[in-house]
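Residue numbers (the numbering used here), protein chains in the order written: chain L, 29 to 507; chain E, 196 to 729. Beta carbons: idealized from backbone N, C-alpha and C, even for Gly.
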Amino acid sequence: MPAGLNINLYAVMPEILVTALALLVLILDFFIRKNKAALGWVSIVGLLCILPVAAYTNEPYPVFGGTVVADSFSAFFNVIFIIAAIFTILISMDYLKKIGVDRGEYYHIILFATVGMMVMGAANDLINVYVGLELMALSFYILVAYRVTSSRSVEGALKYFVLGALSSGILLYGMSFAYGAAGSTNFMEIAGELGKGDNTFLTLGIILMAVGFGFKIAAVPFHLWAPDVYEGAPTPVTALLSVGSKAAAFAAFLRVFTAAFPAFQADWSSMLWLVSAATMIFGAVVAISQKNIVRMLAYSSIAHAGIIMIGLLVFNDTGLSGVAYYLLVYAFMNMGAFTIVALFRNKGKFENIDEYRGLASTRPLLAFLMALFLLSLAGIPPTGGFAAKFFVLSAAIDAKYYWLASIGVVSTAISLFFYAKVIFYMYMRDPEVGAETAPSSGVIYNIVLFCTATGTVLLGVYPAPFIDMAIKAVRPLLM
Amino acid sequence: MIENALGIPILSILILIPLLGAGALFFFPNGQKEAIRSTAFGVALVNFVISLILLFYFDSSTYKMQFVEKAAWIPGIGVEYFLGMDGISLLLVLLTTFTSAIAILASWSAIEERVKEYMIHLLILEAGMIGVFVALDMILFFVFWEIGLIPMFFLIGVWGGPRKLYANIKFFLYTLFGSVFMLVGILALYYAHGTATGEYTFNLLKLYEVSYPYNLQWWVFLSFFLGFAIKVPVFPFHTWLPDAHVEAPTAGSVILAAVLLKMGTYGFVRFNLPLLADASRAFTPFILVLAVIGIIYGAFLAMAQKDIKKLVAYSSVSHLGAVMAGLFALNQQGIDGGVLQMINHGISTGGLFLVIGMIYERRHTRLISDFGGIARVMPVYSALVLIIVFSSIGLPGTNGFIGEILILMGLFKTSATATVLAATGVILGAAYMLWMTQRVVFGKITKRENLNLKDINAREVLTLLPIIGLIFWIGIYPKHFLSLSSASTARIAEIVERNAPKAERAERAAHVEGAAHHTDMNETGHAEAHGGTH
């Protein structure tokens, strides 16, 4: 449809800029031989410059023949992706030296993964969603395997690749059904075709797509990859995986289901109800028995995915803005927790929760920050985690999903148990005699921790401007 | 927006001072223990003095909220920073500031490790507790409610006894479990109010004005009940309390018993009774049964204890059962008694935990069988213990008597059977308390270690004297205290009273809101309430 092609480069400027940055880093990699961390700095400076562009790119009308829409929703998520990428690169530079694979391609692969996420957030067409998702997923397959010397990392990567490829296939299969039933891959046109005639295949398409997205957000029963991959991957990658990849998948999930299938809302809501409830309970209960801190955080992220899903399935403005707000808070608090884990984790040390014992006396500030992030993840006021849970649960009650809200609060109460366990070890046990003391945090870690902690507290104490942003962000979805 | 006679946001100041104090302590070097202790005590003392100033500016003739402060917090969803106090809050705030100062004094020599962190936690806890009692926005209330949890978690977990981990997890999970359901209830109320009036707000005073459908009230009551009953604790949710008490350090026990448990009963008075009047009436038999079981069961359990601290912990279950029975008598006398007994229990049980802490510091045991005849070596101590024990039993002349008699009188109008059963709690209370005192304080010294016990020093006497003073003050002239809260309790009793038609009440409330002569209006309401109950 050449008439409606509407080419507007400005709308995709953030994506173009990040891609250009990635290519620049790729080229620089040939010239910078020794100090690969310089590539990290180039990426960070570049991303910082792109951040305002991404935040202010706002073209409410679909461009490029209706395949891309750079509205306030994609801008909001672009900010989350870029912030997550910046934090990840910051903590990676030291981490890569520590694990002995200080190679240049790491940085541009992270940037490509970020581009993939941004494409997902701005997609208005099934094909675009798929392209973005694959770009992100392929980048992550490489990143997860980055600790090449560790069999765990390779195992995780292989699992992620096999299951990820399968889930991509299922997603694509679902998209093909939707295309077959609606005759278009464009969200608006699919929405326009709904209700005309037999919708059996469209329903099938919706179910299969939910499976595909469910895999990316690690919803039960498609979560099996998460603990192994999280544990095996380099910790900064795990952080990006749990924050960025999840946010991107949710962004696409939200956009596809609200823009393309609003007429089926009752159906997919009741389907997601079950998935959400199972995810919340399963994630929280299984996390209790975890001894490894990364696996614990993996199950915790599963439980969080379940709670975020509540906001999606209740399908009102509070719920959808709650999802956006939750993912923003989650980017800060989870990134903060993973930063500390990445700092400590080294050559098999500080893998288990009980190795955090006595941290309050050896590294009081780090212990305090870890406690802050964990309490925020647990949803204790006055942290951002509380505000986020509050908005999502409040949406559920507004929509009269009382049981789901109750399951949500029970899951929250259960989850406190395993978050508190880490705090127990840090504050209420003495350090083991002769154990290696925890490494101190350098300037870079301190910057990341300061930013994430400030974000975590600020989003809880003064949420008003940010929730307004989230409300503005989801407005295009409800039109 | 600030409206009060002083023209300053005094309630915010009350919350801020401990927080700033905690912040200042953060910069003290770890080694300067004396400086840290003195600063913490100074901060708590200043806060106590400021709370006393409130007394002079408080108008006890009205149930209306005073010292009100209001500011937008999350305007998009109607969350406000909204503080204010009535007589009930005032009493509890005074109890909080008083207890916090005493608790710091009591930890002077008992806490030697990580003193700085300990004092920081105590001060944050104080801020959280004051916040709970003065918050008039449901979300703000919830935030303070949860904030109080974290320092307590550390106080028990770091400075607690040998089984602290178990006790702490139990305490934390129980209370959190209850409170998350409370949050669901708050949200349900919020949306019900929004649907009914078109105004979405967590402002408690506005939430009061709407009468909610019975079905909703029933569920919200249940969710609030879970949150508050676990905190009180009402039988059968009491099992966390003895563990937490036994493992907590002395100051932790004092604050737990004196103030934290009152957050639960306060919740019932402030939220359940006036917001959910119909459901409150419907739930009354159920709650009275639980309260009476708590009174008797708690007393019997207390009688069987070998550890003094555990004995006092179970006596708390029994006493708090009495408070609940008083509140759910649903008339002014009962509520008056319940509120006064909250204060009394704070004073007497706080005092008991203090004296247990003192003897524990000397002997490092709390088993009743390890003592006997300590009156011979510690005469001053024993005399003071005896007074506090009398107060706990409710001997005439002490504060406990007034509270209990009011509760029983109020309860009698509601249920004679419950009154008779609740009254056995008084007798059982005398039995276990006096029996314990006899075995610990009187008789011959049976253990060699007890021969050389030192009597309490000046600081310890200073810690206990205010408590002794209050015991007699309330016991002999309770009017000073009752009159502070009577306007509020009368108002609550009026709201929950069966025959008061809701529409008329709402109209009057609206009228009172707008009227300049609110005092006159209130006195009419007051008189009516008395007419109804007597």
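Taking only the alpha-carbon atoms, compute the straight-line gap between residue i and residue j and give it to the nearest angstrom.
{"i": "L659 (chain E)", "j": "P673 (chain E)", "result": "20 Å"}
{"i": "V407 (chain L)", "j": "G323 (chain E)", "result": "This sequence places Gly at residue 407 (chain L); Val is not what is there. Near 17 Å, if we compare the C-alpha coordinates of G323 (chain E) and G407 (chain L)."}
{"i": "D254 (chain E)", "j": "S329 (chain L)", "result": "52 Å"}
{"i": "L405 (chain L)", "j": "Y353 (chain L)", "result": "14 Å"}
{"i": "E699 (chain E)", "j": "F596 (chain E)", "result": "Residue confidence for E699 (chain E) is low, a pLDDT of 47 falling below 50, so the modelled location carries little weight and cannot support an answer."}
{"i": "K467 (chain L)", "j": "P392 (chain L)", "result": "Looking at the sequence itself, residue 467 (chain L) is Pro, so the reference to Lys does not match. P467 (chain L) and P392 (chain L): Cα-Cα distance of roughly 12 Å."}
{"i": "R465 (chain E)", "j": "R385 (chain L)", "result": "42 Å"}
{"i": "A722 (chain E)", "j": "I602 (chain E)", "result": "Its pLDDT being 39, under 50, A722 (chain E) is placed unreliably by the model, and nothing is read from it."}
{"i": "A492 (chain L)", "j": "G273 (chain E)", "result": "10 Å"}
{"i": "D565 (chain E)", "j": "T445 (chain E)", "result": "19 Å"}
{"i": "G184 (chain L)", "j": "A277 (chain L)", "result": "20 Å"}
{"i": "F433 (chain L)", "j": "L421 (chain L)", "result": "The sequence as given places Ala at residue 433 (chain L); Phe does not occur at that position. Spanning the two alpha carbons is a distance of roughly 6 Å."}
{"i": "Y201 (chain L)", "j": "L222 (chain L)", "result": "19 Å"}
{"i": "L456 (chain E)", "j": "F445 (chain L)", "result": "22 Å"}
{"i": "G726 (chain E)", "j": "I499 (chain L)", "result": "Because the pLDDT at G726 (chain E) is just 38, under 50, the model does not fix this residue reliably, and the point stays unresolved."}
{"i": "M337 (chain L)", "j": "F336 (chain E)", "result": "27 Å"}
{"i": "L371 (chain E)", "j": "S443 (chain L)", "result": "11 Å"}
{"i": "G202 (chain E)", "j": "L214 (chain E)", "result": "22 Å"}
{"i": "E404 (chain E)", "j": "G389 (chain E)", "result": "12 Å"}
{"i": "L394 (chain L)", "j": "I451 (chain L)", "result": "12 Å"}
Indicate the three-state DSSP secondary structure (helix, strand or coil) for residue i in the structure shown.
{"i": "N320 (chain L)", "result": "strand"}
{"i": "E692 (chain E)", "result": "coil"}
{"i": "D345 (chain L)", "result": "helix"}
{"i": "D332 (chain E)", "result": "strand"}
{"i": "D650 (chain E)", "result": "coil"}
{"i": "A219 (chain E)", "result": "helix"}
{"i": "G343 (chain E)", "result": "coil"}
{"i": "M299 (chain L)", "result": "helix"}
{"i": "G568 (chain E)", "result": "coil"}
{"i": "N152 (chain L)", "result": "coil"}
{"i": "N374 (chain L)", "result": "strand"}
{"i": "V129 (chain L)", "result": "coil"}
{"i": "A326 (chain L)", "result": "helix"}
{"i": "A98 (chain L)", "result": "strand"}
{"i": "N380 (chain L)", "result": "strand"}
{"i": "L436 (chain E)", "result": "helix"}
{"i": "F115 (chain L)", "result": "helix"}
{"i": "Y276 (chain E)", "result": "strand"}
{"i": "K417 (chain L)", "result": "helix"}
{"i": "E162 (chain L)", "result": "helix"}
Return the first residue and the last residue of the alpha helix (DSSP H) that residue i is part of.
{"i": "E229 (chain E)", "result": "228-252"}
{"i": "G459 (chain E)", "result": "456-462"}
{"i": "A395 (chain L)", "result": "392-406"}
{"i": "A446 (chain E)", "result": "445-450"}
{"i": "V176 (chain L)", "result": "Element bounds for V176 (chain L): n/a, residue is neither H nor E."}
{"i": "V53 (chain L)", "result": "41-59"}
{"i": "W69 (chain L)", "result": "65-84"}
{"i": "A301 (chain E)", "result": "282-301"}
{"i": "S256 (chain E)", "result": "From DSSP, S256 (chain E) is part of no alpha helix (DSSP H); its letter is neither H nor E."}
Starting from residue i and walking both ways along the beta strand (DSSP E), at which residues does that stretch end?
{"i": "W268 (chain E)", "result": "261-269"}
{"i": "E87 (chain L)", "result": "87-91"}
Query raised in the report: Mind pulling the alpha helix (DSSP H) runs of 4 or more residues that sit fully within the region 188-265 of chain L?
Result: 215-221, 228-244, 253-260
**Report entry** alpha helix (DSSP H) segments (min. 4 residues) lying fully within the region 452-500 of chain L
**Finding:** 471-489
Report task. Please go through the region 379-413 of chain E and give each complete alpha helix (DSSP H) segment of 4 or more residues, from N-terminal end onward. Result -> As summarised for the region 379-413 of chain E, the continuous alpha helix (DSSP H) elements at least 4 residues long and confined to that stretch are 399-403, given in chain order.
Report task. Can you check the region 487-540 of chain E for any alpha helix (DSSP H) of at least 4 residues that lies completely inside it and give the ranges in chain order? Result -> 503-522
Query raised in the report: Which residues, in chain order, does the region 382-403 of chain E contribute to contact with chain B at a C-beta distance below 8 Å?
Result: No chain B is part of this structure, whose protein chains are labelled L and E.
Report task. May I have a chain-ordered list of the alpha helix (DSSP H) segments no shorter than 4 residues that lie completely inside the region 542-622 of chain E? Result -> 574-588, 594-609
Query raised in the report: How do the region 67-87 of chain L and the region 458-478 of chain L stand: do at least 3 beta-carbon pairs fall below 8 Å, yes or no?
Result: no
Query raised in the report: Do three or more CB pairs link the region 108-125 of chain L to the region 270-280 of chain L at distances below 8 Å?
Result: yes
**Report entry** At least 3 beta-carbon pairs within less than 8 Å: the region 393-401 of chain E vs the region 419-433 of chain E
**Finding:** no
Query - Three or more C-beta pairs below 8 Å linking the region 510-527 of chain E and the region 257-267 of chain E - result: Contact between the region 510-527 of chain E and the region 257-267 of chain E is not established, with fewer than three Cβ pairs separated by less than 8 Å.
Report task. Pair every Cβ in the region 249-267 of chain L with every Cβ in the region 163-172 of chain L, then say whether three or more of these pairs are closer than 8 Å. Result -> yes
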